[in-house]
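The next block holds one structure in the form of structure tokens; read it before the comments.
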Amino acid sequence: MRTIRHLDQDDVEIFRRIRLEALHREPQAFASTAADWARLSTTEWQARLTANTVFVALDGDEPVGIMGLMRQRSSRMAHRATIIMVYVRREARGSGVARALLAHLTDHARSAGIRMLELVARADNETAIRFYEREEFREIGRVPGGLLDGEEEIDEILMARHIDGRAAAPAQTSQGVPQ
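Residue numbers (the UniProt record's numbering): 1 to 179.
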């Protein structure tokens, strides 16, 4: 039976296990590398876990997915948060795990006064982009060559979704004019 759980500082081993798995199995999907995280002390893992909101999908006691939320700290931007560390184990994809993680994260964000969720996706990750579009995220911009994959520059797609009941963010053209 799959459950979604909000991790706290006592869950550092679950966090470490699923985060390192994600970075090892899907290295191209993240700005960080497994080496960046592997060298962290337990105290640093706990600090990263408590600095952001982190949800994990569990199949029994086994973590199969993770999704985090990084809230803006500036007072005029505190209504915004960025979805981070998104990963679902390959064999759990298509089973609703990502949707369940996003639903829990969105409910938490809304209850914390967040009005807008943002994220960044690789432009070549069509599966992720389609998922976020189904979940009412809209492209709001693009960072040409924003991510280095070896020597290759990969564009990043910026996406956003209001979660406070107002209409979805307008789609942008390459000139930045709403469509």
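Just so you know, even glycine gets a beta-carbon here, dropped at the ideal spot from N, CA and C. Computed from a prediction, not measured in an experiment: that's the story for all the values here.
- In terms of Cβ geometry, R71 and I140 do not form a close pair [threshold 8 angstroms].
- Just so you know, the alpha carbons of D59 and G94 end up roughly 15 angstroms apart.
- Here T53 is buried: its Cβ has 16 or more other Cβ atoms, across all protein chains shown, within 10 Å.
- Uninterrupted alpha helix (DSSP H) stretches at least 4 residues long and entirely within the region 3-37 occur at 12-25, given in chain order.
- The DSSP-derived three-state label of H108 is helix.
- The continuous beta strand (DSSP E) containing L58 extends over residues T53 to D59.
- In this structure, H108 places its C-beta atom within 8 angstroms of the C-beta atom of L69.
- For the pair E118 and R80, the CB atoms are nearer than the 8 angstroms cut-off.
- Per DSSP, reduced to three states, the secondary structure at E135 is coil, with no helix or strand assignment.
- Closest by C-alpha distance to T42, out of S75, R16 and M67, is R16.
- Taking C-beta atoms as the reference points, A92 and G65 count as a pair closer than 8 angstroms.
- Nearest C-alpha to I4 among A47, A103 and D10: A103.
- Q28 and R89 have their C-alpha atoms roughly 15 angstroms apart.
- In this structure, DSSP gives I163 a state outside helix and strand, which the three-state scheme calls coil.
- In the DSSP assignment, M77 falls outside any beta strand (DSSP E), carrying neither H nor E.
- Around the CB of L148, fewer than 16 other CB atoms lie within 10 Å, so the residue is classed as exposed.
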